[in-house]
Amino acid sequence: FYDFKKNNHILTLIWSGILYDRNIFILGIILYVVGFGGVIIALFNFKNTPPDQPVTKGLYKISRHPQEFMLFILFLGICIAIGSWLALFILIISKLFRHFGILGEEKGCLERYGDSYRAYMKRVPRYFLIKTHMKAEGENVKKYWKMIN
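The sequence shown lines up with residues 134 to 282 when you count with the numbering used here.
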């Protein structure tokens, strides 16, 4: 059985806040505001695109999934502002799982929009500033499909 008296340092690490001062709290609030604003802008970009076309304008010019990225920034800001290691851990784990959902969304977009989405995938990184090495043609696409199916 786990002896909490001997190993209380683990509980302290999990439940205690991130050591921070006022400046780190302000950083968290700034990240929250940037993330919130980015989500709103991405939603407007999404809303103003006809349903028979992939969204490629606004924030979607620089990221295929700006809503996801901005939500991550928003929640990262909250984690920093409240100073919680546990919240930060949960955020990272949830975003890792969400990545697999994004792969499925991209598969659906390729099926729905075809070559126009494939060209979009070549031009625009999945997440801001993170260029993937996947080419949208040939053997790499076959490997990609196997991975997400």
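For glycine and all other residues, C-beta sits at the position ideal for the given N, C-alpha and C.
Exercise for the section: Assign S196 to one of three DSSP states: helix, strand, or coil. Expected result: coil
Practice task
For E201, I'd like the list of residues in its chain whose CB is within less than 7 angstroms of its CB, leaving aside the five on either flank, ordered along the chain.
Solution key: Around E201, the same chain offers R231 and I235 as residues with beta carbons nearer than 7 angstroms, after the five sequence neighbours per side are excluded.
Practice task
Ignore the nearest five residues each way along the sequence and tell me which others in L221's own chain have a CB closer than 7 angstroms to its CB.
Solution key: C212
Exercise for the section: Could you tell me the distance, in whole angstroms, from the CA atom of L160 to the CA atom of F177? Expected result: The C-alpha of F177 is placed about 26 angstroms away from the C-alpha of L160.
Handout entry: Rounded straight-line distance, which links the Cα of S227 to that of N156
Key = The straight-line gap separating the alpha-carbon atoms of N156 and S227 is approximately 27 angstroms.
Practice task
Find the nearest neighbour of L224 within the set M203, Y246, S249 and S196, judged by alpha-carbon distance.
Solution key: For the residues M203, Y246, S249 and S196, the minimum Cα distance to L224 belongs to M203.
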